[in-house]
Amino acid sequence: MRTHFFIAGLLATLSPLSMAAQVYKWVDAQGVTHFDAQPPQGQPATTIVTPAAPSDKPLPPAHSDAIGDQKAIDNSVKKQVAQQQAELKVFCEQARTNLAQLQNNPRLREEVEGQLRRLDDAQRQERIGETQKQIAENCQ
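For reference, each letter of the sequence shown is one residue, going -20 to -1, 1 to 120 in mature numbering (1 follows the signal peptide of the UniProt record, and there is no 0).
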């Protein structure tokens, strides 16, 4: 009985080796390329090495470290994106407030080199256009 188990185990162990047969490649007289398990009679053929099937082993632990590193990178990118969105929100609120001030107050003054200077209507309209353009480009 033990010999039967031994022979069955030996056959099961050696069965993948029997499936790894050689493959031959050759070109016939008409220029057609052939592949077969048997070499052709009277023609030179090259032996093709077939790769082994990939193993079903689990990935090494180094891969799980790489996944952890990737998660850390993803988290830092998410934080940066959230910070940029918050800064953009503040910018948009300020731009909308400035636009409302420019549109509602015809007498605006700005400080240039320590002195107050009044904006004329053309300068005010130019600033309104610039502010509207910034809002259109950056704020949704």
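By construction, the Cβ of each residue, glycine as well, lies at the ideal position given by its N, Cα and C atoms.
Check                                                                                                 : Outcome
Exposure label - residue 82; buried when at least 16 CB within 10 Å                                   : buried
Coil, strand or helix - residue 111 by DSSP                                                           : helix
Beta-bridge partners of residue 5, as assigned by DSSP                                                : 15, 26
For residue 95, the three-state DSSP class (helix, strand or coil)                                    : strand
Buried or exposed by the 16-neighbour rule on C-beta atoms within 10 Å, applied to residue 111        : buried
Beta-carbon gap between residue 114 and residue 75 smaller than 7 Å                                   : yes
Span separating the alpha-carbon of residue 54 from that of residue 33                                : 34 Å
Proximal residues to residue 20 (C-beta, below 6 Å), its chain only, five neighbours per side dropped : 6
8 Å contact criterion, which residue 97 and residue 87 should meet: CB distance rounded               : Their Cβ separation, rounded to whole angstroms, is 12 Å, which puts residue 97 and residue 87 out of contact at 8 Å.
Rounded straight-line distance, which links the Cα of residue 36 to that of residue 25                : 34 Å
Span separating the alpha-carbon of residue 71 from that of residue 47                                : 36 Å
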